[in-house]
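Engineer: Input: one structure, supplied below.
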């Protein structure tokens, strides 16, 4: 469990580097992937 891992790291004096829950920087795919995907699906009708 998480508690066991935290205890192990503390006992071994292993430092933990924290990370933000999400990247503050946008990936290139965020700029280009979704508009391209949207254009490809334009006019498509889905049954479900």
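Numbering (our numbering), first residue to last: 127 to 174.
Just so you know, even glycine gets a beta-carbon here, dropped at the ideal spot from N, CA and C.
Classify residue 130 as helix, strand or coil using the three-state DSSP reduction.
Structural biologist: In the structure shown, residue 130 sits in a helix (DSSP, three-state: H, G or I).
Engineer: By how many angstroms is the C-alpha of residue 128 removed from the C-alpha of residue 164?
Structural biologist: Looking at the two C-alpha atoms, the distance is approximately 40 Å.
Engineer: Cα separation between residue 132 and residue 158?
Structural biologist: Using only the alpha carbons, I get a separation of about 40 Å.
Engineer: Just tell me which of 130, 144 and 145 has its CA closest to the CA of residue 138.
Structural biologist: Minimum Cα distance to residue 138 is reached at 130.
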